[in-house]
Structures are given as C-alpha cells and as structure tokens.
Amino acid sequence: MSKKTIEFDVLQGDLVCQVKATPYEIATHETRFRVSICGSAVYIFGWDNGLGRFGLIDDKAGPLRGNIEMAVSSRLLQFLQQKKAA
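For what it's worth, this note's numbering labels the leading residue of the sequence shown as 2, then goes sequentially.
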C-alpha cells in the first residue's frame, strides 16, 4: 500500500478544516490512517466493525468536535474504495 499522504477539507460549522491522512498497514493487513486536522497532533483511525465505518482508535490528541470524525471517516472510506477500483 502506498504511504502517500492524502489531503482534503472537511467542514465544522462555518470552519474549513484541512485534513492530512497517511495510510499504513498493520500486521493483520488492516489499513489504518494517521490523521492530522488543522495541523493537530496525530489521531489514529481504523475500521470499526461495530460502527461499520472508520472510527477514532487513539484520541491522545484530544477529542474531536462535532461531525469531524464522521466527515473524516467518510472521506477515508471513499479513498479506499477508489483505490480498490483503480
């Protein structure tokens, strides 16, 4: 898997947040992402079977506000689907 960082924007109310996400693979071949939001410390996102979407695995960087986790999750899933289709 390419470790190329992807960049996209998500909206939090009227605020546009720049997101940088770098995919990586763990020993079980599961894809996870190192995610920085508006230059924040790194959050770790991974697939959550219970939620049926990507979710925040490590929140040491602090809590995410509002709908940011859902917006990031949606974009990460879209990225993986496009990668598989290519």
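Every residue gets a Cβ at the ideal spot worked out from N, C-alpha and C, and that includes glycine. Keep in mind it's a predicted model, so treat the numbers as computed, not measured.
For residue 22: DSSP bridge partner residues: When beta bridges are read from the DSSP output, residue 22 appears opposite 7, 36.
First through last residue of the alpha helix (DSSP H) which encompasses residue 76: It spans 69-86 - the alpha helix (DSSP H) in which residue 76 sits, taken as one unbroken run.
As assigned by DSSP and simplified to three states, the class of residue 63: Reduced to three states, the DSSP call for residue 63 is coil.
Buried versus exposed, by CB contacts within 10 Å (16 or more), residue 52: Exposed is the call here.
Residue 26 classed as buried or exposed, judged by whether at least 16 other C-beta atoms fall within 10 angstroms: Under this definition residue 26 is an exposed residue.
Outcome for residue 64 when other beta-carbon atoms lying within 10 angstroms are tallied against a minimum of 16: By the neighbour-count rule (16 or more Cβ atoms within 10 Å), residue 64 is not buried but exposed.
Start-to-end residues for the beta strand (DSSP E) that takes in residue 47: Note, residue 47: beta strand (DSSP E), 44-49.
Residues that residue 12 bridges to, as DSSP identifies them: DSSP, once it has assigned bridges, lists 17 as partnering residue 12.
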